[in-house]
Amino acid sequence: MNAPNKSGWKPAMTPDNGASAGTGTLTGNRALMLEEPLLFEIGHAETTGVDLELVEAELPNRLGGMERKGSIGLVGLTEPETVRHYTRLSRQNYGIDLGFFPLGSCTMKHNPRLNEKVARMPGFADVHPMAPASTAQGALQVVYELGDWLKKLTGMPAVAMSPKAGAHGELCGILAIRAALTARGDAREVVLCPESAHGTNPATAAFAGYRVEDIPATPEGRVDVDALKARLGPDVAAVMITNPNTCGLFERDFKVIADAVHEAGGFVYCDGANFNAIVGKVRPGDLGVDAMHINLHKTFSTPHGGGGPGSGPVVLSEALAAYAPLPFVRKTGDLYELVEEEDAAAAETSFGRMTAFHGQMGMFTRALTYMLSHGADGLKQVSEDAVLNANYILRSLEDLLHAPYADSGPCMHEALFGDKDFGNGLTTLDLAKALIDEGYHPMTVYFPLVVHGAMLVEPTETESKATIDQFISAFRSVAQRALDGDESMKHAPYYAPRRRLDETQAARKPVLAWEGDRET
Amino acid sequence: MRYLPLTDTDRGDMLERVGASSIDDLFVDVPEAARLDGPIRGLPMHMSEMAVERHMRARSKKNLAAADAPFFLGAGAYRHHVPASVDTIIQRGEFLTAYTPYQPEIAQGTLQMLFEFQTQVARLYGCAVANASMYDGSTACWEAVAMAGRVTRKSRAVLSGALHPHYTEVVKTMAQFTGDTIADSAPTVQPEPDEAGLIARIDDQTSCVVVQYPDILGRVSDLSKVAEAAHEKGALLIAVVTEPVALGAIASPGELGADIVVGEGQSIGVGLQFGGPYLGLFAVRDKKHVRQMPGRLCGETQDAEGKRGYVLTLSTREQHIRREKATSNICTNSGLCALAFTVHMTLLGEKGLRQLAMENHRLACIAADRLAKVPGVEVITRSFFNEFAVKLTGAKGIGARQIVRDLADEGVLAGVSLARLYPGHPELDDALLIAVTETSTEDDIAALAHALQEKLA
Amino acid sequence: MPRYFTDEHEWIDIEGDSATVGITDYAQEQLGDIVFVELPDVGAALDKGGDAAVVESVKAASDVYAPITGEVTEGNGALEDEPALVNTSPEEDGWFFRMTIGDTSELEGLMDDKAYKAFIDGL
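Residue numbers (my numbering), protein chains in the order written: chain L, 1 to 520; chain A, 521 to 977; chain H, 978 to 1100.
1. Using a Cβ-Cβ cutoff of 9 Å, what residues of the segment 1005 to 1016 of chain H are near chain L? List them in chain order.
2. Does the beta carbon of Thr427 of chain L come closer than 8 Å to any beta carbon on chain H?
3. Would you please state the rounded distance, in angstroms, between the beta carbons of Arg482 of chain A and Gln725 of chain A? I believe it to be under 8 Å.
4. With a threshold of 8 Å between beta carbons, is Thr836 of chain A in contact with chain H?
5. Restricting to runs no shorter than 3 residues, where is the beta strand (DSSP E) found entirely within the segment 282 to 343 of chain L?
6. Go through its chain and collect everything with a Cβ distance to Gly169 of chain L's Cβ below 6 Å, but skip five positions before and after it.
7. For Ile758 of chain A, collect the residues of the same chain with a Cβ closer than 6 Å to its Cβ; drop the 5 residues on either side in sequence, then sort them by chain order.
8. Starting from Thr701 of chain A and walking both ways along the alpha helix (DSSP H), at which residues does that stretch end?
9. Determine the chain A residues that contact Glu1033 of chain H at a beta-carbon separation under 7 Å, and present them in chain order.
10. Assign Gly453 of chain L to buried or exposed, taking buried as 16 or more other Cβ atoms, counted over all protein chains shown, within 10 Å of its Cβ.
11. Run the CB neighbour count on Lys509 of chain L, radius 10 Å, all protein chains shown included, and call it buried at 16 or more, exposed below.
12. Kindly confirm or deny that the segment 693 to 710 of chain A and the segment 932 to 946 of chain A touch, where touching means at least three C-beta pairs closer than 8 Å.
13. Could you tell me whether any Cβ in chain L is nearer than 8 Å to the Cβ of Pro1067 of chain H?
14. So, at 7 Å on beta carbons, what are the nonlocal neighbours of Asp607 of chain A in its own chain, with the 5 sequence-adjacent residues on each side left out?
15. Could you tell me whether any Cβ in chain L is nearer than 8 Å to the Cβ of Pro1060 of chain H?
16. Leu394 of chain L and Gly485 of chain L: beta carbons closer than 8 Å?
17. Pull the bridge partners of Gln922 of chain A from the DSSP assignment, please.
18. Please confirm whether His809 of chain A has its beta-carbon closer than 8 Å to some beta-carbon of chain L.
19. Throw me the rounded Cβ distance for the Thr762 of chain A and Gln732 of chain A pair, which I believe falls under 8 Å.
20. Measure from the C-beta of Ala1021 of chain H to each C-beta in chain A and report whether the shortest distance is under 8 Å.
21. Do you know how far the Cα of Arg643 of chain A is from the Cα of Ala884 of chain A?
22. Considering only the beta carbon of each residue, do Gly1071 of chain H and Leu1056 of chain H sit closer than 8 Å?
23. For a contact meaning CB atoms closer than 8 Å, what does Gln141 of chain L contact in chain A?
24. Could you work out which residue in L:Ile472, L:Ala386, L:Ala230 is closest to Ser105 of chain L when comparing CA atoms only?
25. Hey, Gly795 of chain A and Gly359 of chain L: beta-carbon distance below 8 Å or not?
26. Keeping to the same chain, check which residues put their C-beta closer than 6 Å to that of Lys490 of chain L; ignore five residues upstream and five downstream.
27. Out of A:His751, A:Leu868, A:Ala766, A:Phe697, which one is the CA nearest neighbour of Ile719 of chain A?
28. How do the segment 279 to 288 of chain L and the segment 253 to 270 of chain L stand: do at least 3 beta-carbon pairs fall below 8 Å, yes or no?
29. List the DSSP bridge partners of Arg676 of chain A.
30. Give the DSSP bridge partners of Gly76 of chain L, in chain order.
31. If the cut-off is 7 Å on Cβ atoms, which residues from the segment 496 to 515 of chain L count as contacting chain H, listed in chain order?
32. Pick out whichever of A:Pro773, A:Gly931, A:Ile900, A:Ser903 has its Cα sitting closest to the Cα of Lys69 of chain L.
33. With DSSP collapsed to three states, give me the class of Arg518 of chain L.
34. Taking 7 Å as the limit between beta carbons, can you name the residues of its chain near Glu340 of chain L, skipping five residues before and five after?
35. Quick one: what's got a C-beta closer than 7 Å to Thr78 of chain L's C-beta in the same chain, skipping five residues either side?
36. DSSP has Leu38 of chain L in a bridge; who is on the other side?
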């Protein structure tokens, strides 16, 4: 039996303001839209949902006098209460399973459930990272085979599997570049990034000790090759370019750029966030890339999970392979082994260890399952459908919405729009919130920074034409309202579990943990 | 292809709308030389769901799952029972297939969960504020060192010799590039950690002192003196907790004076998973340090109708806004693992966590006593939670690492040898770490003792 | 008490050998709701045009530059609890820091009230 809610908190009654559906209810609930208190307001320190097989004997104590005294401040719920609490919370979330999620640069494709089933096989899920190699041959084999797929899909000779996410992979690539330069006694200081780059690119380069300089873009939304070439020199360690780029365009001159960078003694880092547009269709290795991370949670369908965990293996060129982080999997004959610090030759050149163990195994099993399901033919179809869907959206909206690069050639897997000519001070944010009311997760907004009020739409390949057609109609409707200056959009969404949230208050007076039991 | 809804008719209609005569028209910007003429060679074609499952199961079966053997591995990753409802919750599509909650009006589920998670972690650690999680314990450890540099504006980190060597390696890897000085030290296998030696290494240039609690040999010791010594020199104390269940039994690092507490959350809800994904926990004892923290933070606020709600906040610290001036380049958290942790922690509650911790300790004590009776085994660690070090004094010349391999062949997963963790330290060759959790039975302990006895005879 | 302006939208008041620095009304309007101000430490040596402080809104962080060279003598502690002062009173209560005047000739390159008004009208 639980103690009653100590704080006395209950969901506020919602007065009918004419904008939201229905009238106020006693509970604050609206049929299937259920309010849920905080765990700490419904749980109790004496409640537990776990029955341990407790021994009644006198307990030993070898804690060295360090026993934890006093209350920790945690609360528990029984299993039925726990399941309900989180089920109710889950229903306040939008996910791919629920609807179209065209979040540009994030590749919100369907997450096949076979992936989940495979990841939970005990031979993968219930194996310790330091289990003797003889007892983990199948797990090591999966790491090796996934690496092999990644090498073949990218046309690159080497791969580092341990980076835990895309930004961690970027770090891996840039650190390998820095190690290679150091090894040849070449102290270069500058990394060039386009202004349209993901924020992680400059953050990564700065972390690795480089000064970051912008690469100028042409009006058509691609890297200005002449300006870039003019900037190259003995101080430039690397260029970091996303291809396809964040404006949704393929960098036509990538190979030309790569050759020029190499000639100037630098390295080429490709941000692989947009690999879904070209997987199975183009191999980055053929374009002169030295390092590229691959977000398994984008291209290879491992779940985004409400913000991670990701996984960011990095493919490397011959020139960088020796500097890859430890540990990695080596195959000798039919045997797989983990190469760690004790391997003197590997430790000599490797730039070191990036994480305690060997990477995101749970993501590796899912990604390999996805690759096997699609095969080389299916992956080619993936990029083709993703690109077709994006072009279809671009061409279905360009007459209405400002599409700054519509004349720069076909887009790749994302269509980019801007907020030009919106009426009455309406913004991209207002349009995004209106789309929420239409039942969609909004596209990426205000990125890339090079387009005013940017809206980056990435449909992916796992949507039907009917879904995309309905989205286009809804998008056209809200875009028209924005152009017409429909003031009501400033207060959207009206039908979501919450209206617009006060982010200013959240940042001015941060409340980052519940302290309801500590104020009194 | 079961995952691709477009039909050939759809594709034809859409190409027409786009004004392309074939799909290749949409790839015209790819240079001729880089265009492939068909599916990439050397890779198989698509497979049915059944065939893929068969293929992967064959690989899974080549591994010895922890549940199928007496199992005593720890050293930074621990096997605990995860209640069935945890997996049910994390497989709900609304959690599994959601993105980072950048549109808070339709992400309150994830956000409220993160707020609850942050509160649980802060309390477990004895801290004021925890973030929404990092990649894993080792990367969180580096981030803490980097943060201490920002707070103190000093750049010499002193690492305890009893910090997990992989964590030390990660910190050293990163420090090569930031110019921080890392003062580490060699491990020694003895009953008590070398507190005096650690304190002696702290100087005025020291930004932080990094200690593991319980440490790599499982030793539990009071951090207060180290905290005091660090603070005297204007340095922060960073405590690293690789086994969060321990904090159901022993005092929190925050109470003992640690300024930043980081660690691995894998023990609660996440599982072993051959090393990842895991869950980096990160907390600060004093709110004043919040703006120097890395990673995402979820905060409470209200909506336009005055209803309580949650948002990601203080984002100006992060790379998508601050770019090259960000506190870290991290762009994610370990969201689904945080959910698993928080659901498991909710099921446990304070009562269950304390019971779970005592059950771990009880079994570990039984194992230590049982192994102490094996000729040729010396139990080194005196005060511990659920993991302790032994010396296989009877293993003349074979080494603990080989013994672990041999026992694995006999179906006993005996522990982690220090030789594996510390290559190049032959003096540690006979040492073995043994972790005992609630999943180990007394029969398992007997099997381990028996196998060691046979081996050392 | 002469007041000068920079083209990065800082203002600087000169009073004897001390100067007070803040951001202009125009700047706060562009930034929106200010949620945090990071001030330089007392005693910090500032170079003209170098980073001096950071002002944050929910979605942006902007550097505030030192209008002249000098040493910080005082930060506006009130901004810690009430960063909104920068919005409500940018050119008075919402000042950022006080500093010494290293080189009075540096003031000559700055704008006066009229010149700054003309400058922002042209933006």
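Glycine included, C-beta positions come from ideal geometry on N, C-alpha and C.
Let me lay it out:
1. Gly1009, Asp1010, Ile1011, Val1012, Phe1013
2. no
3. Given that chain A is displayed from residue 521 to residue 977, the structure contains no residue 482 of chain A and the question cannot be resolved.
4. yes
5. 291 to 293, 314 to 316, 328 to 332, 335 to 339
6. Pro163, His293, Gly312, Val314
7. Ala664, Cys728, Val730, Ile780
8. Unbroken run through Thr701 of chain A is the beta strand (DSSP E), 701 to 703; no alpha helix (DSSP H).
9. Thr836
10. buried
11. exposed
12. yes
13. no
14. none
15. yes
16. no
17. Per DSSP, none; premise fails for Gln922 of chain A.
18. no
19. 7 Å
20. no
21. 25 Å
22. yes
23. Arg579, Lys582
24. L:Ala386
25. yes
26. Asp430
27. A:His751
28. yes
29. A:Thr701, A:Thr726
30. L:His44
31. Glu503, Thr504, Ala507, Arg508
32. A:Pro773
33. coil
34. Leu326, Pro327
35. Thr47, Gly49
36. Answer is none; Leu38 of chain L lacks a bridge partner.
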